[in-house]
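Participant: Numbering (this note's numbering), first residue to last: 415 to 744.
Have a look at the structure that comes next, please.
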């Protein structure tokens with residue numbers, strides 16, 4: 415019997431079946447290649463972000479250890495030592511000029527000061543090497559940084575919390591993020607004679623860290639040990655602990671699960687619920703400042719330092735691959 419007479423075409427069915435099998439095979443092959451290439455792209459991105467976060471830590475460490483070195487040099491300067499022994503104004507002028515030199519060399523040093531054991535400013539050099547005249551020197555005995563620094567042993571360094579500078583009881587505008595480093599000063603007989611302090615502009619640190627993350631302003635992530643943003647996704651989220659109406663702006667409040675991950679692990683990577691990925695490391699402030707952590711007393715036990723790849727950037731990384739896959743599997 416003629417197959418055409420019965421309406422059947424075995425050859426055509428076989429061809430259609432073979433074509434379908436071939437199409438499925440091509441699709442599966444493309445899907446496998448897509449998964450493989452996608453995994454490689456993601457791994458390269460993960461590796462890059464891990465390296466970048468390590469560089470963030472090293473950048474902060476380089477900055478802080480340089481400050482610690484300068485602080486020790488200034489506190490042990492010849493002019494200051496001579497002044498402690500003699501009390502002569504000429505020796506005090508030598509100490510002031512040395513501080514002014516360091517100030518001019520470091521535009522990120524907002525203030526360099528020596529306070530006596532009562533908390534009175536004996537030397538104060540403002541940004542750019544400006545030596546403050548005696549009539550304008552102040553009593554800082556009530557400041558926590560003075561009290562905490564004077565309680566240290568010889569050679570130890572105090573590091574304040576990272577916060578916004580306050581003048582006359584009000585947050586300075588424009589905002590001035592600040593870190594204060596101090597060390598006690600003892601005379602030749604071992605008596606406490608005061609404390610030496612460097613006020614470090616936090617904006618310089620933020621700028622240096624941003625340079626590590628391609629200069630993208632809001633990619634850097636920096637949290638303190640209480641979960642407050644020091645540098646987050648938006649300026650309005652930062653420094654919540656400084657403002658009475660923003661004390662709930664912590665990561666623990668907005669995303670408790672993510673905060674647990676960040677605060678409990680020393681490092682990691684996580685896909686965010688909004689898309690993208692966060693890579694972080696938890697680092698001791700004492701370790702950033704010195705290889706001998708016992709020589710440092712810090713107000714904040716640790717920071718969480720990270721880099722966030724946004725949802726848009728994450729999608730862009732795979733856009734080319736998706737286009738190729740779309741062409742191969744219409």
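Beta carbons are placed, not taken as given, at the ideal position from N, Cα and C, and that holds for glycine.
May I ask which residues mark the beginning and end of the alpha helix (DSSP H) holding residue 621?
Facilitator: 616-626
Participant: Near residue 632, what residues of its chain come up, given a Cβ to Cβ distance below 6 Å and the 5 sequence neighbours on each side ignored?
Facilitator: 647
Participant: Would residue 644 and residue 634 qualify as a contact pair, given that the criterion is a beta-carbon distance under 7 Å?
Facilitator: no
Participant: Who are the near neighbours of residue 543 in its chain, counting only those whose CB is closer than 8 Å to its CB and skipping five residues on each side?
Facilitator: 514, 515, 517 and 518
Participant: Residue 639 and residue 716: beta carbons closer than 7 Å?
Facilitator: yes
Participant: CB-CB under 7 Å to residue 540, same chain, minus the five flanking residues each way: which ones, in chain order?
Facilitator: 525 and 546
Participant: What do you reckon, are the CB atoms on residue 721 and residue 462 nearer than 7 Å?
Facilitator: No, the Cβ-Cβ distance between residue 721 and residue 462 is not below 7 Å.
Participant: According to the neighbour-count rule (16 or more other Cβ atoms, all chains shown, within 10 Å of its Cβ), is residue 597 buried or exposed?
Facilitator: buried
Participant: Touching or not, the segment 472-489 and the segment 697-704, by the rule of three or more beta carbon pairs under 8 Å?
Facilitator: Yes, since at least three Cβ pairs between the segment 472-489 and the segment 697-704 fall closer than 8 Å, the two stretches touch.
Participant: Going along the chain, which residues of its own chain have a beta-carbon closer than 8 Å to the beta-carbon of residue 419, five neighbours each way excluded?
Facilitator: For residue 419, the predicted structure reports a pLDDT of 48, less than 50, and the residue's modelled location is therefore unreliable. A value from the coordinates is still provided. There are no such residues.
Participant: Taking the alpha helix (DSSP H) that residue 493 falls in, what are its first and last residues?
Facilitator: From DSSP, the alpha helix (DSSP H) with residue 493 extends over 492-500.
Participant: In chain order, what residues of the same chain have a beta carbon less than 8 Å from the beta carbon of residue 727, not counting five sequence neighbours either side?
Facilitator: 690
Participant: According to DSSP, is residue 570 part of a helix, a strand, or is it coil?
Facilitator: Coil, per DSSP.
Participant: Looking at the secondary structure, which residues open and close the alpha helix (DSSP H) in which residue 529 lies?
Facilitator: Premise fails: residue 529 lies in the beta strand (DSSP E), 523-530, not in any alpha helix (DSSP H).
Participant: Does DSSP put residue 728 in a helix, a strand or coil?
Facilitator: helix
Participant: Please report how far the alpha carbon of residue 594 lies from the alpha carbon of residue 712, in whole angstroms.
Facilitator: Roughly 10 Å between the two C-alpha positions.
Participant: Provide the residue span of the beta strand (DSSP E) that contains residue 668, from first to last.
Facilitator: Unbroken run through residue 668 is the alpha helix (DSSP H), 665-668; no beta strand (DSSP E).
Participant: Closest to residue 495 by C-alpha separation, out of 650, 605, 460 and 724, would be which residue?
Facilitator: 605
Participant: Compare the beta carbon distance of residue 509 and residue 491 with 7 Å and say whether it is the shorter of the two.
Facilitator: yes
Participant: Let me know if residue 613 comes out buried or exposed under the rule of 16 or more other beta-carbons within 10 Å of its beta-carbon.
Facilitator: buried
Participant: Using the three-state DSSP reduction, which class does residue 462 fall into: helix, strand or coil?
Facilitator: The answer is helix: DSSP assigns residue 462 an H, G or I state.
Participant: Which of the three DSSP states, helix, strand or coil, is assigned to residue 593?
Facilitator: Three-state DSSP puts residue 593 in a strand.
Participant: Residue ranges of each alpha helix (DSSP H) run of no fewer than 4 residues wholly in the segment 533-571, ordered along the chain?
Facilitator: 558-564
Participant: Under the three-state reduction of DSSP, which class applies to residue 484: helix, strand or coil?
Facilitator: helix
Participant: DSSP three-state label for residue 653, please.
Facilitator: coil
Participant: Which of the three DSSP states, helix, strand or coil, is assigned to residue 695?
Facilitator: strand
Participant: Pick from 599, 550 and 609: whose alpha carbon is nearest that of residue 559?
Facilitator: 609
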